[in-house]
Ligand code: ADP
Ligand code: MG
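Residue numbers (the UniProt record's numbering): 399 to 689.
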């Protein structure tokens with residue numbers, strides 16, 4: 399590869415908001431056969447909003463106060479959505495005496511002397527909390543593409559909160575363009591299968607890896623590489639960093655976390671997935687000029 403053409407390619411990419419950490423990444427980009435897209439903050443805007451609240455066996459305002467107070471210390475986008483939605487209902491939150499994030503599962507906190515849990519079915523199963531008929535309601539929210547979370551207070555199930563995230567306007571076009579280029583597109587998420595499939599359907603993604611724990615994302619990249627594939631991973635979160643570092647090309651969304659950008663080889667300043675299409679085209683063109 400001639401340094402001049404690589405430099406020209408990198409310069410042109412920068413005009414599109416695509417920042418390569420080094421010329422070698424512009425080169426490796428043209429070999430990419432599989433693109434893995436993180437769901438939250440990558441395919442979607444990552445700014446979910448609280449859409450549904452279903453409390454049982456407790457007064458709603460009191461329950462929401464406990465849930466919101468437990469989530470207040472979490473930096474997860476889901477937590478921010480829950481806290482903002484509860485605050486918008488005029489409920490004043492308390493500060494938790496103890497807080498623990500359980501990555502991939504949810505949160506545990508002590509609020510006003512009560513133990514509050516908010517998170518996935520697996521979190522409730524792990525803690526032996528019976529959520530009775532809530533599964534049906536949860537499934538309905540999930541098939542609408544919402545992320546539903548279960549809440550418990552002092553080991554008793556108290557209800558469901560659901561949030562919805564908006565898909566980025568350009569995600570569907572970007573997926574279609576990548577597929578047209580012969581690239582396999584896979585979506586990966588810690589979120590449940592039903593929600594993930596509903597979102598994937600809306601953007602035309604056929605392969606979904608759901609309920610992947612944070613440390614499992616890098617393993618999925620390795621598994622595809624073991625099949626001989628050149629893999630690009632696209633993500634924005636702290637939990638995407640190991641997968642970004644493992645992939646043949648790690649691509650961070652510029653609106654995401656610094657940790658993701660540090661782990662990646664490329665940063666998309668516009669957070670728009672059509673930039674990936676431009677980057678691969680640019681790489682293919684650059685390499686064609688060289689050969
Ligand atoms: P993603 O890959 O979509 O960022 P995570 O691995 O961070 O997902 O989280 C997986 C699941 O764990 C979420 O869909 C949610 O159900 C649950 N979860 C994570 N953080 C929280 C939280 N702060 N409050 C409630 N549930 C949470
Ligand atoms: Mg994300």
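From the three backbone atoms N, C-alpha and C, an ideal C-beta is built for every residue, glycine too. Note that the structure is a prediction, hence the values are computed from the model and not measured.
{"Check": "Residue 566 vs residue 670 beta-carbon contact at 8 Å", "Outcome": "yes"}
{"Check": "Extent of the continuous alpha helix (DSSP H) run through residue 592", "Outcome": "591 to 601"}
{"Check": "Per DSSP, the bridge partner or partners of residue 441", "Outcome": "Note: residue 441 sits in no beta bridge, so no partner."}
{"Check": "Residue interval of the alpha helix (DSSP H) (run including residue 548)", "Outcome": "Note, residue 548: premise wrong, no alpha helix (DSSP H); beta strand (DSSP E) at 545 to 551."}
{"Check": "Whether residue 646 touches residue 433 by CB criterion (8 Å)", "Outcome": "no"}
{"Check": "Runs of alpha helix (DSSP H) lying entirely within the region 550 to 574, each at least 4 residues, in chain order", "Outcome": "none"}
{"Check": "Residues near residue 481 in its chain [Cβ-Cβ closer than 8 Å; skip 5 each side]", "Outcome": "466, 469, 470, 491"}
{"Check": "Beta-carbon gap between residue 505 and residue 498 smaller than 8 Å", "Outcome": "yes"}
{"Check": "Proximity of residue 404 and residue 421 at Cβ, strictly below 8 Å", "Outcome": "yes"}
{"Check": "Rounded straight-line distance, which links the Cα of residue 459 to that of residue 584", "Outcome": "40 Å"}
{"Check": "Inter-residue Cα distance where the pair is residue 406 and residue 627", "Outcome": "28 Å"}
{"Check": "Exposed unless 16 or more other CB atoms sit within 10 angstroms - verdict on residue 599", "Outcome": "exposed"}
{"Check": "Contact test: residue 656 Cβ vs the ligand MG heavy atom, cutoff 7 Å", "Outcome": "no"}
{"Check": "Span of the beta strand (DSSP E), counted from its first residue to its last, around residue 499", "Outcome": "496 to 500"}
{"Check": "Residues near residue 575 in its chain [Cβ-Cβ closer than 8 Å; skip 5 each side]", "Outcome": "672, 675"}
{"Check": "As assigned by DSSP and simplified to three states, the class of residue 649", "Outcome": "strand"}
{"Check": "Residue 416, enclosing alpha helix (DSSP H) - first and last residue", "Outcome": "Taken as a continuous stretch (DSSP letters only), residue 416 belongs to no alpha helix (DSSP H), being part of the beta strand (DSSP E) at 416 to 418."}
{"Check": "Straight-line gap, residue 588 to residue 569 (C-alpha atoms, nearest Å)", "Outcome": "19 Å"}
{"Check": "Rounded separation between residue 446 and residue 606 - CA only", "Outcome": "20 Å"}
{"Check": "Residue closest to residue 443, alpha-carbon to alpha-carbon, out of 558, 654, 525", "Outcome": "654"}
{"Check": "Contact shell at 6 Å, judged by CB to any heavy atom of the ligand ADP, ordered along the chain", "Outcome": "437, 438, 469, 472, 474, 476, 477, 502, 503, 504, 505, 516, 517, 518, 545, 547, 587, 588, 589, 612, 635, 637"}
{"Check": "Where the alpha helix (DSSP H) containing residue 463 begins and where it ends", "Outcome": "458 to 469"}
{"Check": "Where residue 515 sits in the DSSP three-state scheme", "Outcome": "strand"}
{"Check": "Cβ shell of residue 618 (< 8 Å), same chain only, five flanking positions each side left out", "Outcome": "434, 586, 607, 610, 641"}
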